[in-house]
Amino acid sequence: MKLSRTANLIILMVSILIGGIFLLPFLWMTLSSIKPESLIMGHPEQFFPTELSLENYTILFSQIPFFRFLLNSCIFAGGVTLCSLLFDSLAGYAFAKLPFKGSTVLFILVLMTMMVPFQITMIPLYLIMNKFHILNTYAGLMLPRLTNAFGIYFMRQSFLSVPNELMDAGRIDGVSETGIFFRIMIPVAVASLSTLGVFHFMYNWNDFLWPMLMTNTLEMQTLPVGLALFQGEHVMKHGPMFAGAVLSIIPILIIFLAAQKTFIKGIALSGIKG
Amino acid sequence: MIIIGVFILFPIVQSFWMSLHDWNILRNTKVFLGCKNYVKAFADERFLNAMKNTIVYTVSYVPILIFTALFVAVFINYKFSGAGFFKSLLFMPAITSMAIIAIIFRFLLDGDIGLISIWVKALGLPAKDFLRNPDTAMGSVVLTGVWRWMGFNMVIILSGLNAIPDSLYEAAEIDGAGKVRQFFSISLPLLMPTMTFVLITNLISSFQVFDQIYVMTKGGPVFSTEVLVYYIYYRGFNVFDMGYASAMAFILFCIILIMTLVQLKGFRESEKNGVNA
Numbered sequence: 684m685k686l687s688r689t690a691n692l693i694i695l696m697v698s699i700l701i702g703g704i705f706l707l708p709f710l711w712m713t714l715s716s717i718k719p720e721s722l723i724m725g726h727p728e729q730f731f732p733t734e735l736s737l738e739n740y741t742i743l744f745s746q747i748p749f750f751r752f753l754l755n756s757c758i759f760a761g762g763v764t765l766c767s768l769l770f771d772s773l774a775g776y777a778f779a780k781l782p783f784k785g786s787t788v789l790f791i792l793v794l795m796t797m798m799v800p801f802q803i804t805m806i807p808l809y810l811i812m813n814k815f816h817i818l819n820t821y822a823g824l825m826l827p828r829l830t831n832a833f834g835i836y837f838m839r840q841s842f843l844s845v846p847n848e849l850m851d852a853g854r855i856d857g858v859s860e861t862g863i864f865f866r867i868m869i870p871v872a873v874a875s876l877s878t879l880g881v882f883h884f885m886y887n888w889n890d891f892l893w894p895m896l897m898t899n900t901l902e903m904q905t906l907p908v909g910l911a912l913f914q915g916e917h918v919m920k921h922g923p924m925f926a927g928a929v930l931s932i933i934p935i936l937i938i939f940l941a942a943q944k945t946f947i948k949g950i951a952l953s954g955i956k957g
Numbered sequence: 059m060i061i062i063g064v065f066i067l068f069p070i071v072q073s074f075w076m077s078l079h080d081w082n083i084l085r086n087t088k089v090f091l092g093c094k095n096y097v098k099a100f101a102d103e104r105f106l107n108a109m110k111n112t113i114v115y116t117v118s119y120v121p122i123l124i125f126t127a128l129f130v131a132v133f134i135n136y137k138f139s140g141a142g143f144f145k146s147l148l149f150m151p152a153i154t155s156m157a158i159i160a161i162i163f164r165f166l167l168d169g170d171i172g173l174i175s176i177w178v179k180a181l182g183l184p185a186k187d188f189l190r191n192p193d194t195a196m197g198s199v200v201l202t203g204v205w206r207w208m209g210f211n212m213v214i215i216l217s218g219l220n221a222i223p224d225s226l227y228e229a230a231e232i233d234g235a236g237k238v239r240q241f242f243s244i245s246l247p248l249l250m251p252t253m254t255f256v257l258i259t260n261l262i263s264s265f266q267v268f269d270q271i272y273v274m275t276k277g278g279p280v281f282s283t284e285v286l287v288y289y290i291y292y293r294g295f296n297v298f299d300m301g302y303a304s305a306m307a308f309i310l311f312c313i314i315l316i317m318t319l320v321q322l323k324g325f326r327e328s329e330k331n332g333v334n335a
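So the sequence lines, in the order shown, correspond to chains A and B. According to our numbering, the residues represented by the first sequence are 684 to 957, in order. According to our numbering, the residues represented by the second sequence are 59 to 335, in order.
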């Protein structure tokens, strides 16, 4: 649709207004993170600070185990993403290409678990982890997330679209069954895998309730949980919290800017998951 | 398979089993109660209040969210200069953790240092500490939710809009239909499947709201923002009354299940229509 000049101008004005609403909190947070504490408290009030200080960041690093949180987040989100990509695609492949007895029933069962909200399973899950004595460990944090119905369903759909002739050709050439999976199916499904990977990573990086339940020491908390709890309990000053918020957004923002298309696809997916 | 079995199917059964008990891991009790926990829930004022708050949250959050997302999606669909940048900007909250956003908004709305409070004061209106006032706390939490999820839903609606063939609009233009008329006669009807999907997924997720409540208000002030999941969390993991918490989780599950079934029915119908068309 071609737009006239005036129409374009009006639209631009409205979009600046709406964009402002979305930009402002991020901008305010970033600017506040480099303000000295007295400016944050509004003496005097300045949106754009005239006086800069990196004090908030030094306080952040000395008072909050920020790098520990960051490391935990990386291990949790990264580990879960890698493992679940493997398991999702294995199971998805089995459902798509290797029909076995009762596979339809099993698949329906898998789909049904998609309807179950996390809140219903969280209490028993907590007790299971307690019984295994893996509360507050990476294992406990990651185990329930190692595969999920949505990932299996998604990978099944993408493997279904791969023609059987490709597998047959591989069999004739003497490739083993595992070889067919890793050397033929996986390369074909790279696009789906990366979309699903982004989705898993973002979901777990941002997840709050589960890591909060599972962890009870500072050494194990992920970024969102650690910062949120610190804000509630320990830190009296506001500046370091701003600094922490800025730093915690940066990693995911870099990935977002690098792979924006995949990201938006991944987000549309998580909508499907509900 | 095993993981799903152990970590999803088994917990569901156990959760239901627990909901029939007085199961407190602090007092180490485990008494069979039958459905008394469910009876207790419907007589528990705090549960009913949490239910009411969840419904208030849902009926205010979902319509605001959907209308703004639809408006902005239609707007972006005009592909003006800078639309791509604009889209990315609006999408940024969706990739940020809700907990982090809640921290930022808690500061924004703070009575002393918050930008919003400072502006309200500058306008000469009575300054309020939004999150510490029972009248405004819920509204603040709702708007924070909308702010986070708007871009996300906009992207879904936008993909629905893009699926509508241009030829329809061209035909309408030849027939002399204006932009507004085109929107109501072409875009909106064809967008209905997408909108139903967006509506139901948001209904479901708003019944599960927790993160920003926990960070911003902890259910307060005076329980004015205490929603279902927060109360379940409180009962289960602060008081460790896990049987009762499971019973409430099961009530939540039933509500969500009904909504999911409605959605599945919608999916099947739209698939059928797709085949016919």
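Built from N, CA and C at the ideal position, the CB exists for glycine as well. Quantities reported herein were computed from a predicted structural model and do not represent experimental measurements.
{"Asked": "For Q266 of chain B and V799 of chain A, I'd like the C-alpha separation in whole angstroms.", "Found": "12 Å"}
{"Asked": "Closer than 7 Å by beta-carbon distance: list the chain A residues that pair up with M156 of chain B, in chain order.", "Found": "N889, F891"}
{"Asked": "Looking at I134 of chain B: is its Cβ nearer than 8 Å to the Cβ of P708 of chain A?", "Found": "no"}
{"Asked": "Would you say S716 of chain A lies against chain B (beta-carbon separation less than 8 Å)?", "Found": "no"}
{"Asked": "Taking 6 Å as the limit between beta carbons, can you name the residues of its chain near G63 of chain B, skipping five residues before and five after?", "Found": "Its pLDDT being 49, under 50, G63 of chain B is placed unreliably by the model, and nothing is read from it."}
{"Asked": "Could you check whether G203 of chain B and A152 of chain B sit closer than 8 Å to each other, using their CB atoms as the reference points?", "Found": "no"}
{"Asked": "How about V845 of chain A: is its C-beta nearer than 8 Å to some C-beta of chain B?", "Found": "no"}
{"Asked": "In this structure, how does DSSP classify G234 of chain B when only helix, strand and coil are distinguished?", "Found": "coil"}
{"Asked": "What do you reckon, are the CB atoms on V929 of chain A and M795 of chain A nearer than 8 Å?", "Found": "no"}
{"Asked": "Between B:I258, B:M196, B:I314, B:Y227, which lies nearest to Q270 of chain B when the distance is taken from Cα to Cα?", "Found": "B:M196"}
{"Asked": "Strictly below 8 Å CB to CB, what residues from chain A border M300 of chain B?", "Found": "I806, L810"}
{"Asked": "In three-state terms, what does DSSP make of V697 of chain A?", "Found": "helix"}
{"Asked": "Alpha carbon to alpha carbon, how far is F882 of chain A from P748 of chain A?", "Found": "27 Å"}
{"Asked": "For the candidate residues B:L319, B:I316, B:Y292, whose alpha-carbon lies nearest to that of M306 of chain B?", "Found": "B:Y292"}
{"Asked": "Are the beta-carbon atoms of T689 of chain A and F770 of chain A separated by less than 8 Å?", "Found": "no"}
{"Asked": "Can you confirm whether P934 of chain A, when its beta carbon is compared against all beta carbons of chain B, has any partner nearer than 8 Å?", "Found": "no"}
{"Asked": "Taking the alpha carbon of G853 of chain A as the point to measure from, which residue in A:L843, A:W893, A:M868 has its own alpha carbon closest?", "Found": "A:M868"}
{"Asked": "Counting only C-beta atoms, is H883 of chain A closer than 8 Å to chain B at any point?", "Found": "no"}
{"Asked": "Under a CB-based cut-off of 8 Å, is V799 of chain A close to chain C?", "Found": "Annotation note: the requested chain C is absent from the structure, which comprises protein chains A and B."}
{"Asked": "Residues in its own chain within less than 8 Å of G823 of chain A by CB, not counting five upstream and five downstream?", "Found": "M812, F815, I817, M897"}
{"Asked": "Under a Cβ-count criterion, where at least 16 other Cβ atoms within 10 Å of its own Cβ denotes burial, should G332 of chain B be classed as buried or exposed?", "Found": "Any answer about G332 of chain B is weak, because its pLDDT of 44 lies below 50 and its placement is not dependable; what the coordinates show is given next. By the 10 Å Cβ count, G332 of chain B comes out exposed."}
{"Asked": "When the cut-off is 8 Å and only beta carbons count, does A928 of chain A lie next to chain B?", "Found": "yes"}
{"Asked": "Between the Cα of V280 of chain B and the Cα atoms of B:R190, B:F149, B:S175, which residue gives the shortest distance?", "Found": "B:R190"}
{"Asked": "Roughly how many whole angstroms lie between the Cα atoms of Y136 of chain B and F925 of chain A?", "Found": "36 Å"}
{"Asked": "At 7 Å on the CB atoms, spell out the chain B contacts of M838 of chain A, in chain order.", "Found": "The contacting residues do not exist; M838 of chain A stays about 14 Å from chain B at best."}
{"Asked": "Is G957 of chain A close to chain B? Criterion is C-beta to C-beta, closer than 8 Å.", "Found": "Per-residue confidence for G957 of chain A stands at a pLDDT of 37, beneath the threshold of 50, marking its modelled position as unreliable; no derived number is given."}
{"Asked": "For A307 of chain B, decide whether its Cβ has a neighbour in chain A, counting only Cβ atoms nearer than 8 Å.", "Found": "yes"}
{"Asked": "Is any beta-carbon of chain B found at less than 8 Å from that of A822 of chain A?", "Found": "no"}
{"Asked": "Kindly list, in the order they appear in chain A, the residues whose Cβ is closer than 7 Å to that of I162 of chain B.", "Found": "P708, M712, A928"}
{"Asked": "Which residues in chain A have a C-beta closer than 8 Å to the C-beta of P279 of chain B? List them in chain order.", "Found": "What P279 of chain B touches in chain A: nothing, since even the nearest Cβ is about 15 Å away."}
{"Asked": "So, does the segment 245-257 of chain B touch the segment 116-132 of chain B, judging by three or more C-beta pairs under 8 Å?", "Found": "yes"}
{"Asked": "Taking just the CA atoms, how far does K145 of chain B sit from L216 of chain B?", "Found": "10 Å"}
{"Asked": "Mind checking if D269 of chain B is an interface residue toward chain A, Cβ cutoff 8 Å exclusive?", "Found": "yes"}
{"Asked": "Under 8 Å, with one C-beta from each stretch per pair, do the segment 755-766 of chain A and the segment 903-916 of chain A reach the 3-pair mark?", "Found": "yes"}
{"Asked": "From the DSSP output, in three-state form, read off Y115 of chain B for me.", "Found": "helix"}
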